[in-house]
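Worksheet for the structure shown next.
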Amino acid sequence: MFKKQSSSSLSGMTTAASYLAAVSQADARARAHNATPTSTPALSLSSSVTTSSQDTVLDEDDVDNSDGLVLPPIPPTSEQVFSTVHTEFGHCANESYRYTSAHRMGTKIDFDSFYTRRLKTRLDDCFSQPVTGVPGRTINLYDRESNDHNLTFKFTGTRTRALNISSYNYLGFAQAHGGCADAVEECLKRYGVSSGGVRLEGGTSELHTIAEALVARFIGQEDALISSMGFATNSTIIPALVNKGCLVISDEFNHASIRYGVRLSGANVRMFKHNNMEDLESLLREVISQGQPKTHRPWKKILLIVEGLYSMEGTLVNLPAIVELKKKYKFYVFVDEAHSVGALGPHGRGVADYFNINPRSIDILMGTFTKSFGAAGGYISASKSITDRLRIRGHSGVYAEAMSPPVLVQIIASMASIMGVSSPLPKHSPQSSASSMSTIRLIEAEHPGPAHPSMLPAWMDLPPTLRDGSEGLTRLRRLAFNSRYLGRGLVKLGFITYGHYDSPIVPLLLFNPGKMAVFHRMMRARATPIVTVVVAYPATPLVTSRVRFCVSASHTKDDIDTVLRACDEIGDALDLKHLPINERWPLERIMDNAAELVNMQA
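Just so you know, full-length UniProt numbering puts 252 at position 252 of the sequence shown, and the rest follows in order with no gaps.
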């Protein structure tokens, strides 16, 4: 052992001697050339002197320096040589090439500012596009340009008509002609434009009463309350449902209006993973067993808030599982059906209709009229005791302007077109009036079913195809076909999409934020321009940037083919197809087998 240690020491001394000799020779050469060395190669790994002469920076005999990465271009002098001589740690003698990392007072660390300046501004031409006319199957865009990198825009004076795959016109009722538009025109002649006040102070007309009764009948609940703004329906009604001492359990992807309403309420809030029923049940067990923070008293109320159809994900709520958990743990359920009512289910009545669940097993059903009904505002449908309380406690009824008459008539006409209107009962003698009233009650009790003629304004005269519900059913079936065809067609082309195939919202994942603007501009620049919506932070996580297609019943099969063809070509150009090649279909096969693709159950 002693001999081995001595041998090692001797080897180390030999290496040190050779190193010092090399330093001396390099120093002499440098002084002979009157050079001032500043640096060695830029790469480094170790700070120990190795036994191999090839590992030292200064050994020039056996080292290939053709790439300039081993020996410094100007050798260091003896004063500048330091303990690290390995080629993987470059020597730099210039003290000006130094900096100390530390936060400077007054400087801001703001990711949002960085994102806005460096990314969002560069694709601002894809957002807030000015349009004119009806947002139907096609839409008119005002053309604009920017000479300062999207800081400002100016109109060119021209317009572009594009295929519209971006609006919430799910059933195509946002149109300027037809039975609904004619009813609205007649309403303007009879009622004017404004309601002239809030609901509790002279702003309630018979149109409000008719609309609320029709909504309750459509949804399948006992009563309904209408609000003039969809966002305000959540943000003003939720504080009237819960307050301090209550708990709100919210899906992590719930809409901003729900989050805002919960904050205003003062209730505690806990979130669970999106549509994860195991995580929800685990959370329910925890909050029920532990009670309120600090005091551990039982919660005054536990309210679960979910959405029927999530607008950025295209996913459906797992309503059957939630109903079973409700029976087990005895909490209240609030379902936001802004995107699902009128668009899902065999009768268009939303997620309860889609899953064939009794709507009265859900405590509160909320929805809006801005998507499937081509109108504005929102509603709350629940038991009469709850809605009566909300009329007084909800701020929208006390402070918000009542919904205008033309909007109310658009809601009534479009909703009646989806439901259909039953044939009026034949006239009877006074002796048969009792049986007549019982028949009316029987008709009104059926759900889902048509609307009774008495539930519509007497002056409203809908065309026969709207009145019998045949056109409404056709629109529902066309929307379902278009939704499944586009979603499954994109998957068969190789794209990654989110959501349920029956959803009229079809998110196509781009992932890279830099591809959003390119995708949008390439779609708009095609021979048949297509206007799309690209979605990014903060509406979605930065790394899951996407295109969100909104399908309509007004689109034809050829329109969906046009969108698929454009996505196919642009997807190849931007490298957006990530599914295995053996799982893909060629575009022509997809278009030729559309019905087969839509009817596939897997």
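Don't be surprised by glycine CBs; every beta carbon is placed ideally from N, CA and C.
Item	Value
C550 and S166: beta carbons closer than 8 Å?	yes
At which residues does the beta strand (DSSP E) containing A224 begin and terminate?	223-227
Return the chain-ordered ranges of every beta strand (DSSP E) run that is complete within the segment 517-569 and spans a minimum of 3 residues.	533-535, 545-550
On the premise that S227 lies in contact with S396, defined as a C-beta separation below 8 Å, what is that separation, rounded to the nearest angstrom?	4 Å
Does DSSP put G367 in a helix, a strand or coil?	strand
Taking a contact to mean a Cβ-Cβ separation below 8 Å, would you say Q175 touches R360 in this structure?	no
Could you spell out where the alpha helix (DSSP H) holding E212 opens and where it closes?	206-219
Does the Cβ-Cβ distance between A162 and R546 come in under 8 Å?	no
Between which residues of its own chain and N268 is the CB-CB distance below 6 Å, once the five residues before and five after are set aside?	L247
Locate the alpha helix (DSSP H) running through D143, then write down its first and last residues.	Segment 138-145 is the beta strand (DSSP E) holding D143; no alpha helix (DSSP H) there.
Compute the beta-carbon to beta-carbon distance between P450 and G469, rounded to the nearest angstrom, for a pair I have assumed lies under 8 Å.	6 Å
Check this for me: beta carbons of T528 and T556, under 8 Å apart or not?	no
Reducing DSSP to helix, strand and coil, say where N276 ends up.	coil
Suppose you measure from the CA of residue 635 to the CA of L493; what does that come to, to the nearest Å?	Residue 635 lies beyond the range of the chain shown here (1 to 602); nothing can be said about it.
Is any beta-carbon of chain D found at less than 8 Å from that of M460?	Considering every chain present, this structure includes no chain D. It has just one protein chain.
Distance check for G342 and G367, CA to CA, integer angstroms please.	10 Å
L344 to H103, Cα distance in whole Å?	54 Å
DSSP has F334 in a bridge; who is on the other side?	I305, I364
Answer with buried or exposed for P586, where buried requires no fewer than 16 other C-beta atoms within 10 angstroms of its C-beta.	exposed
Grab me the residues of V198's own chain with a C-beta within less than 8 Å of its C-beta, minus the 5 sequence neighbours each way, in chain order.	G397, V398, Y399, A400, E401, A402
Express the C-alpha separation of T370 and L188 in angstroms, rounding to a whole number.	20 Å
Rank R548, M591, H255 by C-alpha distance to the C-alpha of I560 and give the top, closest one.	M591
In whole angstroms, what separates the C-alpha of S101 from that of C92?	19 Å
Give me the DSSP bridge partner(s) of R159.	Y142
For residue 665, write down the residues that DSSP places opposite it in a beta bridge.	Residue 665 cannot be examined here, being either before or after the span of the chain that is shown, 1 to 602.
Might you give, ordered along the chain, the residues of its own chain that have their beta carbon closer than 6 Å to the beta carbon of L476, omitting 5 neighbours on each side?	G348
Pull up the DSSP beta-bridge partners for R270, would you.	I249
When the Cα of L574 is compared with those of T540, L510, A594, Y168, which residue comes out closest?	L510
Drop a sphere of 10 angstroms on the beta-carbon of A595, count the other beta-carbons inside from all chains shown, and report buried for 16 or more, exposed for fewer.	exposed
Would you report the Cα separation of H274 and C180, rounded to the nearest angstrom?	38 Å
Give me the Cα-Cα distance between E444 and N358, rounded to the nearest whole angstrom.	Low confidence applies to E444: its pLDDT is 49, below 50, so where it sits in the model is not reliable, and the reading given next is rough at best. The straight-line gap from Cα to Cα measures roughly 16 Å.
Taking the C-alpha atoms as reference points, what is the distance between residue 643 and I238?	Because the chain spans 1 through 602 in this model, residue 643 falls outside it and cannot be assessed.
To which residues of the same chain is E252 closer than 8 Å at the C-beta, ignoring the five residues directly before and after it?	M271, F272, K273, H274
If you follow the beta strand (DSSP E) that residue 609 is in, where does it begin and where does it stop?	Outside the modelled stretch of the chain, which goes from 1 to 602, sits residue 609, for which no answer is possible.
Could you pull the start and end residues of the beta strand (DSSP E) that P298 belongs to?	Where P298 is concerned, there is no enclosing beta strand (DSSP E), given that its DSSP letter is neither H nor E.
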